[in-house]
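First residue of the sequence shown? That's 722 in this note's numbering, and the numbers climb one at a time after it.
For each residue, glycine too, the CB sits at the ideal point set by N, CA and C.
Here the structure is a predicted model, which is why all the values come from computation and not from measurement.
One structure is given below, encoded as structure tokens.
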Amino acid sequence: MKQKTKISKDLAENLQVIKDQIDGPKTFDFVNRDFKIAGKNASIVFVDGFQKSKLMGRVLEYLMDLKREDLSVDIVKKLIEDRIPVLEVATADTIEGVMDQVLAGPQALFIDGVEQAIIIDARTWMSRGLSEPELEKSTRGPEDGFIETMLFNVKRIRRRIRDPKLRVEALRVGNRGKTDIAVTYIEDIAEPSLVKKVKQKLEDIEVDALPLADRTIQDFLTGTSFNPLPKVRYTNRPDIASAQLLEGKVCVIVDGSPTVLILPATFFDQTQAIEDYRHSFLAGSYLKMIKFVSVFLSLVIPPLWLIFAYSPEWLPPGLEFIGIKQPGKVPIGVQFLLASLGIDLIQVASVQVPSSLATSLGLIGALMLGQFSVKVGLFSPETILYMAIGAIGNFAIPGFELAMAFKVFRFALLLLAIYFRIPGLLIGLAILFLLMAFTKSFGVPYLWPLIPFNWNALKTYLFRQPILKLSDRRPKFSDDDETRK
722 MKQKTKISKD LAENLQVIKD QIDGPKTFDF VNRDFKIAGK NASIVFVDGF
772 QKSKLMGRVL EYLMDLKRED LSVDIVKKLI EDRIPVLEVA TADTIEGVMD
822 QVLAGPQALF IDGVEQAIII DARTWMSRGL SEPELEKSTR GPEDGFIETM
872 LFNVKRIRRR IRDPKLRVEA LRVGNRGKTD IAVTYIEDIA EPSLVKKVKQ
922 KLEDIEVDAL PLADRTIQDF LTGTSFNPLP KVRYTNRPDI ASAQLLEGKV
972 CVIVDGSPTV LILPATFFDQ TQAIEDYRHS FLAGSYLKMI KFVSVFLSLV
1022 IPPLWLIFAY SPEWLPPGLE FIGIKQPGKV PIGVQFLLAS LGIDLIQVAS
1072 VQVPSSLATS LGLIGALMLG QFSVKVGLFS PETILYMAIG AIGNFAIPGF
1122 ELAMAFKVFR FALLLLAIYF RIPGLLIGLA ILFLLMAFTK SFGVPYLWPL
1172 IPFNWNALKT YLFRQPILKL SDRRPKFSDD DETRK
């Protein structure tokens, strides 16, 4: 481990060490302001743009007005207790400690003859305005969302959970990037073993920086594998994060990202939407059932119809109309694969283009995949219809990451249906079920509360329970405090 450089009593030496580290002429935004405190040479070091100028002006004014007799003994203690009008003040004994703080925004005060630096936190936080998240819209309820500043995101959660047991533990990850991360949980609800495991995984991260913020953190938390099932849940809504904390989950907030990670996250967690709880329990239950139907539509309808198209004799009596009327010039299996790729291509393109062009892109895609492709004989009308049903079902899945995983599974099921017909589809669905059954998210079975079975918990996922009946938390994650109060 590299030995740290102690702060010297020589002010000029300290400043020179700092300038050597940052290569002063090549770092224009790194500033030091020289002045005198009670006749002693002093300098304040900071990164331009982070500090509140008016507040720092007042601090300098107080310091410059000091007389020698004001600082006769223990200069650092006297300044911190009596002379610096800032709430957050600390000290640092090493140049590395000073650099870590200054590069994060606070200012460092050096005084000639003193072997410590005073860290003054007079930062101003750059942030964008509040807006409702694009991926988790709701017809009712708050319209604020998380932003890229970690401190503001923590404040949004604290505004909703004013509990002294709410814990927000700060970590710093990245040898160069030094990204701030907050591990948030409610101490007497979350399982201690879960909190310990999450913190340990974060502390064990050895990487230069987190350029993808929350996405990079997820890879370190869950590991990388060929399993596309998401093991954490993403949210941009403070109300969802707060509700999950009250269920015993742990939220990981990464500075620089408007997305909060919630863990553990099961399959049923990924199918929950805030909109379900903004309606009556009957309407909410109906919406919940639609979500599970959408999973079936997304996965099974396209390959199942493809099998019936290949083998119309398997159609039950009365459903003969489901078969192909206009086969098209391309084999039906290839049609489905091309249509699946075309839909995904339109979705990818819609993310890349400006919002002002999204409508035009959708219109062009509809004409190309729909009307024109049928007219030229590339696709049959039935192919477009059933692939559209599968795509709409996929869009209705609340969890974006789960929806993307099911796209992969649907493509695989299409291939199995093309080559092996009914046995291929059944084997594919069995493999998918086994994959979900053996997957775990931080020790929690992915299909819980279906496997292992827990009806009391399962019914809260399948149906929107009346608020007055939600006196108990879902079991499994809250052993210490199982009653809502």
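Next on the checklist: For the beta strand (DSSP E) containing Q993, name the first residue and the last one.
Outcome noted: Per DSSP, Q993 belongs to no beta strand (DSSP E) and is neither H nor E.
Checklist entry - Which runs of the beta strand (DSSP E), 3 residues or longer, sit entirely within the region 940-1025? => result 954-956, 971-975, 981-984
Checklist entry - Are L950 and K970 touching if we call contact CB-CB under 8 Å? => result no
Item to check | Three-way DSSP call (helix, strand, coil) for T845 in this model | outcome: coil
Checklist entry - Going along the chain, which residues of its own chain have a beta-carbon closer than 8 Å to the beta-carbon of V1014, five neighbours each way excluded? => result G1114
Item to check | Whole-angstrom distance between V916 and D1202, CA atom to CA atom | outcome: Only weak support exists for where D1202 lies, its pLDDT of 46 falling under 50; the coordinates are left without a value.
Next on the checklist: For L1066, report the span of its alpha helix (DSSP H) as first-last.
Outcome noted: 1053-1073
Item to check | Local Cβ density within 10 Å of E1222, reported as buried at 16 or more and exposed below that | outcome: Residue 1222 lies beyond the range of the chain shown here (722 to 1206); nothing can be said about it.
Item to check | Alpha carbon of T980 to alpha carbon of R877, nearest angstrom | outcome: 13 Å
Item to check | Residue environment, Y1167, which counts as buried when at least 16 other CB atoms sit within 10 Å | outcome: buried
Next on the checklist: Quick check on D901: does DSSP put it in helix, strand or coil?
Outcome noted: strand
Checklist entry - Mapping DSSP to helix, strand and coil, what is L1187? => result Here residue 1187 is Pro; the residue named in the question, Leu, does not match the sequence. If DSSP states are grouped into helix, strand and coil, P1187 belongs with coil.
Item to check | Residue environment, T860, which counts as buried when at least 16 other CB atoms sit within 10 Å | outcome: exposed
Item to check | Backbone CA spacing between F771 and V894 [nearest angstrom] | outcome: 21 Å
Item to check | Contacts around M1108, its chain only, beta-carbon distance under 8 Å, and the 5 residues preceding and following it disregarded | outcome: P1023, F1057, A1060, S1061, I1064
Checklist entry - Any idea what DSSP makes of A759, helix, strand or coil? => result Correct three-state label for A759: coil.
Item to check | Cβ contact (3+ pairs, closer than 8 Å) linking the region 827-843 and the region 781-800 | outcome: yes
Next on the checklist: Once the 5 residues before and after A1158 are set aside, which same chain residues still bring their CB inside 6 Å of it?
Outcome noted: L1168, I1172
Item to check | Pair within 8 Å by beta-carbon distance, G866 and L887 | outcome: Taking the C-beta atoms as reference points, L887 is found no nearer than 8 Å to G866.
Checklist entry - Going by the beta-carbon positions, is the gap between I1110 and L1018 smaller than 8 Å? => result yes
Checklist entry - For P1033, does the three-state DSSP call read helix, strand or coil? => result helix
Item to check | Limits of the beta strand (DSSP E) - the one that A813 falls within | outcome: 810-813
Checklist entry - Any idea what DSSP makes of R883, helix, strand or coil? => result coil
Checklist entry - Count the other CB atoms within 10 Å of the CB of P1170; is the residue buried (16 or more) or exposed (fewer)? => result buried
Next on the checklist: Just to confirm before moving on: does the CB-CB distance between A994 and K1012 stay below 8 Å?
Outcome noted: yes
Item to check | Near the ligand MG: H1000 beta-carbon under 7 Å from a heavy atom | outcome: Of ligands this structure carries none, so the ligand MG is not represented either.
Next on the checklist: Does I805 come out as helix, strand or coil in the three-state DSSP assignment?
Outcome noted: coil
Item to check | Bounding residues of the beta strand (DSSP E) (the contiguous stretch that carries L830) | outcome: 828-832
Item to check | Candidates Q828, A813, T812: closest to I765 by CA position | outcome: When only C-alpha atoms are compared, the closest one is Q828.
Checklist entry - Smallest Cα separation from E802: which of G818, E817, L784, V819? => result Measuring from the Cα of E802, the nearest candidate turns out to be L784.
Next on the checklist: Looking at the secondary structure, which residues open and close the alpha helix (DSSP H) in which T1104 lies?
Outcome noted: 1102-1116
Checklist entry - If we count Cβ pairs, one from each stretch, closer than 8 Å, do we get three or more for the region 921-938 versus the region 897-911? => result yes
Item to check | Buried versus exposed, by CB contacts within 10 Å (16 or more), G1083 | outcome: By the neighbour-count rule (16 or more Cβ atoms within 10 Å), G1083 is not buried but exposed.
Next on the checklist: If I measure Cβ to Cβ from R1131 and keep anything under 8 Å in the same chain, skipping five residues before and after, which residues do I get?
Outcome noted: The residues are S1019, L1020, P1023, P1024, S1061, G1111, N1115.
Next on the checklist: Suppose contacts are defined by Cβ-Cβ distances below 8 Å. Is V819 in contact with A813 by that definition?
Outcome noted: yes
Checklist entry - Between the C-alpha atoms of P1102 and V1129, what's the straight-line distance to the nearest angstrom? => result 24 Å
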